[in-house]
Amino acid sequence: MGRWFDSEPSPLKLPVLELNKDNKWLHIRLNPYVTVLAAGVIWGFVAFTVAHEDSAYNEFTDWAAWIGDEWTWLYIGSQDIWILVLLYLAFSKPQIT
């Protein structure tokens, strides 16, 4: 208990599709609704890009510029947090054995 990979049942009864239950190296658990929705979104992007190459390029370029303009502060802040965590880890245990 307390580890992220514990297989305790969830209080929510979500559908789970399990593949290769007996194989400890390739045991796959997934939610079929999320899987189908994600595959649909990905294939939608692929179909849009293939069908409308020029407008897709322009649209995705605009999206990338918007992300850079609006979310750079989050990237910079996350790097500051990592530096603080690393400094804490470096100086919290002075003796290394």
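Residue 3 is where the sequence shown starts when you use the working numbering, and the numbers rise one by one after that. C-beta atoms are modelled at their ideal positions from N, C-alpha and C, and glycine is treated no differently. Only a predicted model underlies this, so the values are computations on that prediction, with no experimental measurement involved.
Is Leu28 helix, strand or coil by DSSP? Here residue 28 refers to the residue found at position 26 of the sequence shown. Looking at Leu28 - three-state DSSP - the assignment turns out to be coil, as it is neither helix nor strand.
Could you please give me the residues that DSSP links to Leu21 through a beta bridge? Counting from 1 along the sequence shown, the entry for residue 21 is found at position 19. According to DSSP, which records beta bridges pairwise, Leu21 is partnered with Ile30.
Quick check: does the Cβ of Pro34 come within less than 7 Å of any heavy atom belonging to the ligand GTP? Within the structure as shown, the ligand GTP is missing, as the structure has no ligands at all.
Assuming Asn22 and Leu16 are in contact, meaning their beta carbons sit under 8 Å apart, how far apart are those beta carbons, in whole angstroms? The residue you call residue 22 lines up with position 20 of the sequence shown. The residue you call residue 16 lines up with position 14 of the sequence shown. The C-beta distance from Asn22 to Leu16 rounds to 20 Å, too long to fall under 8 Å, and the pair is not in contact.
Same chain only: Cβ atoms within 7 Å of Ala41, ignoring 5 sequence neighbours per side: Counting from one through the sequence shown, the residue named residue 41 turns up at place 39. Contacts found: none.
Enclosing alpha helix (DSSP H) for Leu16 [first to last residue]: For the purposes of this step, residue 16 is identified with residue 14 of the sequence shown, where counting begins at 1. Careful: Leu16 lies outside any alpha helix (DSSP H) and carries neither H nor E.
Do Leu32 and Leu19 have their CB atoms nearer than 8 Å? Counting from one through the sequence shown, the residue named residue 32 turns up at place 30. Counting from one through the sequence shown, the residue named residue 19 turns up at place 17. In this structure, Leu32 places its C-beta atom within 8 Å of the C-beta atom of Leu19.
Can you give the Cα-Cα distance for Asp56 and Val43, rounded to whole angstroms? As a first step, residue 56 is located in the sequence shown; it is residue number 54 there, counting from the start. As a first step, residue 43 is located in the sequence shown; it is residue number 41 there, counting from the start. Taking the straight line joining both Cα atoms gives about 20 Å.
Taking the straight line between their C-alpha atoms, what separation do you get for Trp73 and Thr63? The residue labelled residue 73 in the question sits at position 71 within the sequence shown. The residue labelled residue 63 in the question sits at position 61 within the sequence shown. Trp73 and Thr63: Cα-Cα distance of roughly 15 Å.
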